[in-house]
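Residues in the sequence shown are numbered from 13 upward in steps of one, following our numbering. Glycine included, C-beta positions come from ideal geometry on N, C-alpha and C.
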Amino acid sequence: MLNKSGRLYCLENCNLFVFWSLLFGYYYARCASRFTFHYRADSLKAYSLKLIAFLSIICSTASVSGLYAGALTGKEILKKVDDNYTAENRKTVSSMIVRGRRGTRTLRAMSWIQGTDRSFSEYLSPPREAGTKMLKLGDELWIYSPSTDRIIKIAGHMLRSSVMGSDLSYEDYMEDPKLTDIYEADLVKEEEAGGRNCFVIELTAKTGSAAYFRRRMWIDKERYLPLKEERYAKSGQLLKVFEILEVFHTGSRWYPKRMIFKDALSNGSGTEFIIESVEFNADMPEYIFSKASLKK
Numbered sequence: 013m014l015n016k017s018g019r020l021y022c023l024e025n026c027n028l029f030v031f032w033s034l035l036f037g038y039y040y041a042r043c044a045s046r047f048t049f050h051y052r053a054d055s056l057k058a059y060s061l062k063l064i065a066f067l068s069i070i071c072s073t074a075s076v077s078g079l080y081a082g083a084l085t086g087k088e089i090l091k092k093v094d095d096n097y098t099a100e101n102r103k104t105v106s107s108m109i110v111r112g113r114r115g116t117r118t119l120r121a122m123s124w125i126q127g128t129d130r131s132f133s134e135y136l137s138p139p140r141e142a143g144t145k146m147l148k149l150g151d152e153l154w155i156y157s158p159s160t161d162r163i164i165k166i167a168g169h170m171l172r173s174s175v176m177g178s179d180l181s182y183e184d185y186m187e188d189p190k191l192t193d194i195y196e197a198d199l200v201k202e203e204e205a206g207g208r209n210c211f212v213i214e215l216t217a218k219t220g221s222a223a224y225f226r227r228r229m230w231i232d233k234e235r236y237l238p239l240k241e242e243r244y245a246k247s248g249q250l251l252k253v254f255e256i257l258e259v260f261h262t263g264s265r266w267y268p269k270r271m272i273f274k275d276a277l278s279n280g281s282g283t284e285f286i287i288e289s290v291e292f293n294a295d296m297p298e299y300i301f302s303k304a305s306l307k308k
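Laid out in structure tokens, this is it:
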């Protein structure tokens, strides 16, 4: 059973056990002294005191164990997720499988991400999209299209548009900061997801600038990855569903390998996203995070 702060009630229950154990020991000693011979009473009193001390040690140990077993709050769990995901910089090669009315197509891209404010992506294939580039600097986003040789700034309602016909929006692409910076987190319950034991936490936006007002995440209790996520509008309307289907271990962290993004307002089967490779703390050419790099 969880309380509002996400801590277990085991400490409270164990303290009650300590209380009743002490009370039992006290009355046991009183009775022994009144209804037995004097030499037997002294022995029983000594035994009772030992019993009380033993029970106190056992329950105190259980209390401490219970406290540490259930001490994580929603905020602390979310911080562990942030720590697992974020790095000073990373370089990735990924594939995005887009399933549309006209069939399925696969887009490959290489991305350079520095902290949470700067990223640069270039599409490598298919030929029609090859050379398309996206640059994020803070809360601004630009796209370069080689077919028109133009740089377009994506802002306002355009941020809700689909990225390359996928279930991801430009807003999703932009929202890569630490989640603890923009959301309050509460631990709701614990349950299984994807065959793994998970914390279920609910995130509420701290400000109106967040892409989603509320999010519910199923966090792997061992790997601290969000195996499943639901993203909601302020009205309560479910907007997006995200699920990690496969993970891999790299260095000291676990990272998603294969994921599905699903627009809950559409009838499609979702967009599959595959991380082919990731390199943490890779060398980052400084020129790449500039508008001039879009046309190079």
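ask   = Leaving out the 5 sequence neighbours to the left and right, which residues in its chain are closer than 6 angstroms to residue 295 when beta-carbon positions are compared?
value = none
ask   = residue 92 lies in the alpha helix (DSSP H); which residues open and close that run?
value = 86 to 97
key: Whether residue 255 touches residue 272 by CB criterion (7 angstroms)   = yes
query = Nearest-angstrom Cα distance between residue 187 and residue 223?
reply = 7 angstroms
ask   = Between the Cα of residue 204 and the Cα atoms of 193, 304, 195 and 239, which residue gives the shortest distance?
value = 239
query = When we look at the beta-carbon of residue 184 and count the other beta-carbons within 10 Å, is it buried (16 or more) or exposed?
reply = buried
ask   = Which partner residues of residue 225 appear in the DSSP bridge assignment?
value = According to DSSP, which records beta bridges pairwise, residue 225 is partnered with nothing at all.
task = Name the residue from 172, 126 and 147 whose alpha carbon lies nearest to the alpha carbon of residue 135.
result = 147
task = Could you round the C-beta distance between residue 250 and residue 276 to whole angstroms and report it? I think they count as a contact, below 8 angstroms.
result = 5 angstroms
query = What is the DSSP secondary structure of residue 173, counted as helix, strand or coil?
reply = coil
inquiry  = Using a 10 Å radius around the Cβ and a threshold of 16 neighbouring Cβ atoms, would you call residue 86 buried or exposed?
reply    = buried
key: Assumed close pair residue 191, residue 181 - CB separation to whole angstroms, cut-off 8 angstroms   = Between residue 181 and residue 191 the Cβ distance is about 18 angstroms, and since that is not below 8 angstroms, they are no contact.
request  = Given a cut-off of 7 angstroms, decide if residue 233 and residue 211 are closer than it, judged by their beta-carbon atoms.
outcome  = yes
ask   = Rounded to whole angstroms, how far is the Cβ of residue 89 from the Cβ of residue 199, which I believe are closer than 8 angstroms?
value = 7 angstroms
query = Starting from residue 204 and walking both ways along the beta strand (DSSP E), at which residues does that stretch end?
reply = 195 to 205
request  = Compare the C-alpha of residue 221 against each of 178, 197, 173 and 151 and name the closest.
outcome  = 151
query = When you compare only the Cα positions, how much space is there between residue 162 and residue 306?
reply = 9 angstroms
Simplified DSSP state of residue 128, which is helix, strand or coil = coil
request  = Classify residue 37 as buried or exposed, calling it buried when 16 or more other Cβ atoms lie within 10 Å of its own Cβ.
outcome  = With a pLDDT of 47 at residue 37, under the threshold of 50, the predicted position of this residue should be treated as unreliable, and no value is reported.
ask   = What is the C-beta distance between residue 269 and residue 287, in whole angstroms, given that I count them as a contact (C-beta under 8 angstroms)?
value = 6 angstroms
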